[in-house]
Amino acid sequence: MAPITASGENPNISPALSGIIASLIVMIALEYCWVIYWSLAAANRVPLEVNKVSGLYVRRYAPAVYVFIFASALIETAVSTWLIVQYRYHRNYPNVGTRTGVRILLCTACWTTVTAGLYTVAFIHPNYSRHPIVSVGAQALWIFISWIFWVTGSAILLHFVSSTFVGGDCSGVIYCSQLQTLYGA
């Protein structure tokens, strides 16, 4: 049995949760790769007709953009989840605003991960690609909403730990490099 500290918490919980987070992120990435493979196999069985040359380029390169967005959001999900776990179990967040900003970025990263994954499959799969949700307007709306979420979370984080991002001064800020990674600084 693990020793209990003076504050009553088990010191092995944080490393165990970090391992669980890492395992879940890898499992989500592998599942995403399998679904993409399945969608590409279905797309190769029933090729779509493309009217314009520009449509051919969009069909070829848009999934790569979605995969990049998914991978970036998955990394942000991992970093923000790890920070929230550390803040929760060690109670050492710099201030409430920083914790709130990390939580909003976690929610935004999860939103982006799920929706980018769904858009990738819907865009590639021949049956789903005809659905109105995959239209240019729906994708533009999704990008705009996601952008608002990302800007909001980043602005809150910047407001409460701006010295970390502007001057690069990490004095007094715990998990400074993780916060900089989360912010993209």
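Position in the sequence shown (from 1) plus 1090 gives the number in this note's numbering.
Yeah, the Cβ is synthetic: ideal placement off N, Cα and C, and Gly gets one too.
Rounded C-beta distance between residue i and residue j? I'm assuming under 8 Å.
| i | j | result |
| --- | --- | --- |
| Trp1172 | Tyr1209 | With a Cβ gap of about 26 Å, Trp1172 and Tyr1209 do not count as contacting. |
| Thr1167 | Leu1196 | 7 Å |
| Asp1259 | Ser1253 | 5 Å |
With the cut-off set at 7 Å, would you say residue i and residue j are in Cβ contact?
| i | j | result |
| --- | --- | --- |
| Gly1227 | Phe1160 | no |
| Ala1133 | Pro1216 | yes |
| Ala1163 | Thr1203 | yes |
What three-state label does DSSP hand residue i in the structure shown?
| i | result |
| --- | --- |
| Asn1134 | helix |
| Cys1260 | coil |
| Gln1268 | helix |
| Gly1109 | helix |
| Pro1153 | helix |
| His1221 | coil |
| Met1091 | Bear in mind that the predicted position of Met1091 carries a pLDDT of just 42, short of 50, making it too unreliable to give a figure here. |
Quick check on this structure: which residue in the options has the alpha carbon closest to the alpha carbon of residue i?
| i | options | result |
| --- | --- | --- |
| Val1186 | Trp1124, Ser1253, Leu1247 and Ser1162 | Leu1247 |
| Trp1237 | Thr1188, Ala1152 and Ala1199 | Ala1199 |
| Ile1126 | Tyr1218, Gly1262 and Val1211 | Val1211 |
| Val1136 | Ser1219, Ile1264, Val1224 and Val1241 | Ser1219 |
| Asn1182 | Thr1271, Gly1262, Tyr1273 and Gly1274 | Gly1262 |
| Ile1194 | Leu1272, Ser1113, Leu1107 and Leu1114 | Leu1272 |
| Val1251 | Phe1239, Trp1240, Val1148 and Ile1264 | Ile1264 |
| Gly1243 | Val1148, Thr1188 and Val1155 | Thr1188 |
Residue i: beta carbon under 6 Å from a heavy atom of the ligand ADP?
| i | result |
| --- | --- |
| Ala1199 | The ligand content of the structure shown is nil, which means the ligand ADP is not present either. |
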